[in-house]
Amino acid sequence: MKNRKKLISGCLLGIVGIACLRYIVKNEKDKKYPVERYWDEQEEKQQNTSGDDTQTDCDAEEKDVTHSVTIDNITYEFVDCDMIEDTEIEMQTRYPAEFFIDSALPDANYQTDLLWDYEKMYEEIPELEDIKEIVLNPYNYTEEEYNALTDPYARQDAGDKYRIEGHPKSRYYFVKMRIENESVESREIVLSDLYLIQTNRAKSYAVTTDNIIYFDKTQYVENPDRLSWFTWYTMKPKEVLECVIGYEIDEHSLYDLHEERLMYIGTISVEMLDSWVNPVLSKTVVPLYDLMGNESE
Numbered sequence: 003m004k005n006r007k008k009l010i011s012g013c014l015l016g017i018v019g020i021a022c023l024r025y026i027v028k029n030e031k032d033k034k035y036p037v038e039r040y041w042d043e044q045e046e047k048q049q050n051t052s053g054d055d056t057q058t059d060c061d062a063e064e065k066d067v068t069h070s071v072t073i074d075n076i077t078y079e080f081v082d083c084d085m086i087e088d089t090e091i092e093m094q095t096r097y098p099a100e101f102f103i104d105s106a107l108p109d110a111n112y113q114t115d116l117l118w119d120y121e122k123m124y125e126e127i128p129e130l131e132d133i134k135e136i137v138l139n140p141y142n143y144t145e146e147e148y149n150a151l152t153d154p155y156a157r158q159d160a161g162d163k164y165r166i167e168g169h170p171k172s173r174y175y176f177v178k179m180r181i182e183n184e185s186v187e188s189r190e191i192v193l194s195d196l197y198l199i200q201t202n203r204a205k206s207y208a209v210t211t212d213n214i215i216y217f218d219k220t221q222y223v224e225n226p227d228r229l230s231w232f233t234w235y236t237m238k239p240k241e242v243l244e245c246v247i248g249y250e251i252d253e254h255s256l257y258d259l260h261e262e263r264l265m266y267i268g269t270i271s272v273e274m275l276d277s278w279v280n281p282v283l284s285k286t287v288v289p290l291y292d293l294m295g296n297e298s299e
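Using this note's numbering, the first residue of the sequence shown is number 3, and each one after it goes up by one.
Written out as structure tokens, the structure is:
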């Protein structure tokens, strides 16, 4: 994709020198009135919410029977999920180019110089093998245990030494959903508040993104508004919106070694993002993997 979007608030997990580097990248949003009002509302909601934002594994299993979540009188019901490989994205016809953020299909041959040469890294730093399973399954450990086990292997001289140029393998997930404004007031929603989360049954790792590149009901069709406001939508009182959103997930990380990919979707509080907890345990996250047939198994 020529004008590739940054993750508005994604959590990318990889290895720099050796340890798992976690970071969140925020796109700068315009400081216009709707934005200010929206974030003021979000801050007020968080202040009025109890501190218990997580659920137990048992709760999560029970919750897996539902595919909807209600947040401040807005109900998100997830109906279907479809995954398309990057090698097929330009050939598919189910998702028209006009609804992608760049008004064009993603470039299946996109090149970047920000990839990691893991083969060379492991060849020159063989001791990294000693902690591969730890890095692959961080939530099997407390944050203190994880840092104690991985810090001794950190290398300050890694830097760009292991950077290479190439095509970052990507997968595209399209989520069909139904959104209902149950209030009697108009409401502004931001669909990039919905994180797509990849994990396994053991919930030992998570890859999280809000990188929405497809929305078939965007209200902002002209540039530059389209780039800044693509995932924003103003709902009328009692309005029901049926739409499809699409995420792009880069697969170039050690987590590609996980054969099991179970997809979840939902909102994640700032507190949970900053904590050492698998975000699929959030009470506002629901499963998608059982809507994908055999594609996720």
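C-beta: ideal position from N, C-alpha, C; glycine also. Please read these numbers as outputs of a predicted model, since none were measured by experiment.
- Following the DSSP letters along the chain, one finds Y120 inside the alpha helix (DSSP H) bounded by residues Y120 to E126.
- Closest in C-alpha terms to T77, from the list R165, E125, K134 and I191, comes I191.
- Judged by pairs of C-beta atoms under 8 Å, the region 176-183 touches the region 82-100, as three or more such pairs exist.
- Around the beta-carbon of Q113, fewer than 16 other beta-carbon atoms lie within 10 Å, marking it exposed.
- For S230, the enclosing alpha helix (DSSP H) has its first and last residue at D227 to W231.
- When DSSP assignments are scanned along the region 244-299, the uninterrupted stretches of beta strand (DSSP E) that are 3 or more residues long and fall wholly within it turn out to be 264-268 and 287-289.
- Counting C-beta pairs closer than 8 Å gives three or more between the region 238-253 and the region 213-227, which meets the contact rule.
- The beta carbon of T233 is closer than 7 Å to those of V192, L193, S194, I214 and F217 in its chain, skipping five residues each way along the sequence.
- Below 8 Å, enough C-beta pairs join the region 200-209 and the region 263-277 to call them touching: three or more.
- P226 is classed as exposed because its beta carbon has fewer than 16 other beta carbons within 10 Å across all chains shown.
- Between the region 124-135 and the region 146-157 there are three or more inter-stretch CB-CB distances shorter than 8 Å, so the stretches are counted as touching.
- When C-alpha distances from S284 are compared across M274, Y148 and V223, the shortest belongs to M274.
- Following the DSSP letters along the chain, one finds K134 in no beta strand (DSSP E) but inside the alpha helix (DSSP H) bounded by residues K134 to L138.
- A direct Cα-Cα distance of roughly 13 Å separates N111 from M93.
- If you look at T152, you'll find it in the alpha helix (DSSP H) that goes E145 to T152.
- Note: K178 is bridge-paired with D82 and V246 in the DSSP secondary-structure output.
- A straight-line Cα-Cα distance of about 5 Å links A106 and A99.
- Counting the other Cβ atoms within 10 Å of the Cβ of D88 gives 16 or more, which makes it buried.
- In the structure shown, N183 falls within a strand segment according to DSSP collapsed to helix, strand and coil.
- M237 is bridged by DSSP to R189.
- Using a Cβ distance threshold of 9 Å, Y148 and A208 do not count as a contacting pair.
- One alpha carbon belongs to M123, the other to Y164, and they sit about 6 Å apart.
- Per DSSP, the beta-bridge partners of F102 are Y216.
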